[in-house]
Each structure stands twice: as C-alpha cells, then as structure tokens.
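Numbering (full-length UniProt numbering), first residue to last: 1 to 202.
Below is the structure:
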C-alpha cells in the first residue's frame, strides 16, 4: 500500500512539475522525488531540504551521479515557521526520524523566507515532514505571491509528532486555499486518524 501511495505521489509531482520553474522538496529524504522530477523536466530547478545529514549526503551523491549540480541545491536544514534551530532525531528510513521536542540541534529555515526568495517563479512545493507540517504551515501568512505556489502536502494523523490535520485544514482555508486530493476531488475536511495527501493551490 505504501509503495502505491509513493508511486501516485511521484506521478503527481512529475505531472505538475512540467508547468513549474522550481521544485522545492521539503523533507526530501534520499531525494527520489527531486532527482526524478529533474530528470523528467529539463527546464526545472530544485531545492532539496532535509535535516538528516545522512540523507543529504545521499542526495548530493545522486545529484553528482546524474550531473544535476547546476539545477539542484541541497540544503541540510529543517523547515519551520521561523529561522533558527530545531531538534531532530536522525534515523534514515525510520518513520521516527523527525523534528521533535528533543534530539540533535539542527538549523531551521522558515517556509516564507525560502519561498519568497523566488518571487517571479512558479513553484511546486512538496512537504513530507512526519507531522511537522502543522508547524511549518503557521508561516503561510508570510508567504508572498501564493498564487504562484502549489503545495503537495502529506498530512499526518492527529498526535503523530504533534501533527494536527484539523489545524492544517483551518490554516489553509484561512488563506483561501483550494484543497484537493491527488485525484482532483475537492476536500472539505481532513480525517484525524489517518495520513492524507493533498494538493493545495491559491
């Protein structure tokens, strides 16, 4: 089931990236989505961000092997609602590798500063941060030119690393977001007890 979800997400990203100039992969892990999108679309540039040093090393290795260094920037940092630091448990491939209340201190960049640095570019932003999306999206107020941004967000179930689907939905609707499922159906609420993958535009 997980492989099917990943495949559907991958195909959605590849399809949507063809109309964008920049793919921002927040929680890139080993960079499968980033590398795939860049190989599919020659016009595309990408920024891949992950707080895991292990993951970032592997992404950089893949970027080099595929000769994508001129189109891909890899950043070892968490993304949150403000610049600063976060705590991260680094365990590549483990669902508990996430920004949490404790763990190693890592650099954190704000969502708005990352997106606002590219004001004239149509951006596709993937967020897969194991529940921390609830914190990241608190910075949505400060994102400019939201009409040029499309999000693909994996929203985790209530209480998973402090994730809160209802709060995520409320924050998005406050910004007049259009929220849909991966198959294009409009979403009017997010369930608390399961993971949801959503498309968000403005």
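Glycine included, every Cβ here is placed at the ideal spot set by N, Cα and C.
task = With hydrogens ignored, establish whether the beta-carbon of residue 105 is closer than 7 Å to any heavy atom of the ligand GDP.
result = As far as ligands go, the structure on display features none, and thus does not contain the ligand GDP.
task = May I ask you to list the residues that DSSP assigns as paired with residue 11?
result = DSSP, once it has assigned bridges, lists no residue as partnering residue 11.
Residues bridged to residue 50 [DSSP beta-bridge criterion] = DSSP links residue 50 through a beta bridge to 76.
Under the three-state DSSP convention, the category residue 36 falls into = The answer is helix: DSSP assigns residue 36 an H, G or I state.
ask   = With distances taken between CB atoms, is the gap from residue 105 to residue 126 smaller than 8 Å?
value = No, Cβ-Cβ distance for residue 105 and residue 126 is not below 8 Å.
request  = Find the nearest neighbour of residue 186 within the set 194, 164, 169 and 193, judged by alpha-carbon distance.
outcome  = Taking only the C-alpha atoms, the option nearest residue 186 is 169.
ask   = For residue 133 versus residue 163, is the C-beta distance shorter than 8 Å?
value = Yes.
ask   = Starting from residue 22 and walking both ways along the beta strand (DSSP E), at which residues does that stretch end?
value = Looking at the DSSP string, the run of the beta strand (DSSP E) that includes residue 22 is 22 to 26.
query = If you follow the beta strand (DSSP E) that residue 155 is part of, which residue opens it and which one closes it?
reply = Start and end: 149 to 155.
key: Nearest-angstrom Cα separation, counted from residue 201 out to residue 155   = Rounded to whole angstroms, residue 155 to residue 201 spans 15 Å at the Cα level.
request  = Alpha carbon to alpha carbon, how far is residue 166 from residue 73? Give it in angstroms, no decimals.
outcome  = In this structure, the CA atom of residue 73 is about 33 Å from the CA atom of residue 166.
inquiry  = Judging by CA-CA distance, which residue of 147, 141, 123 and 108 is the nearest neighbour of residue 16?
reply    = For residue 16, the nearest C-alpha among the options comes from 123.
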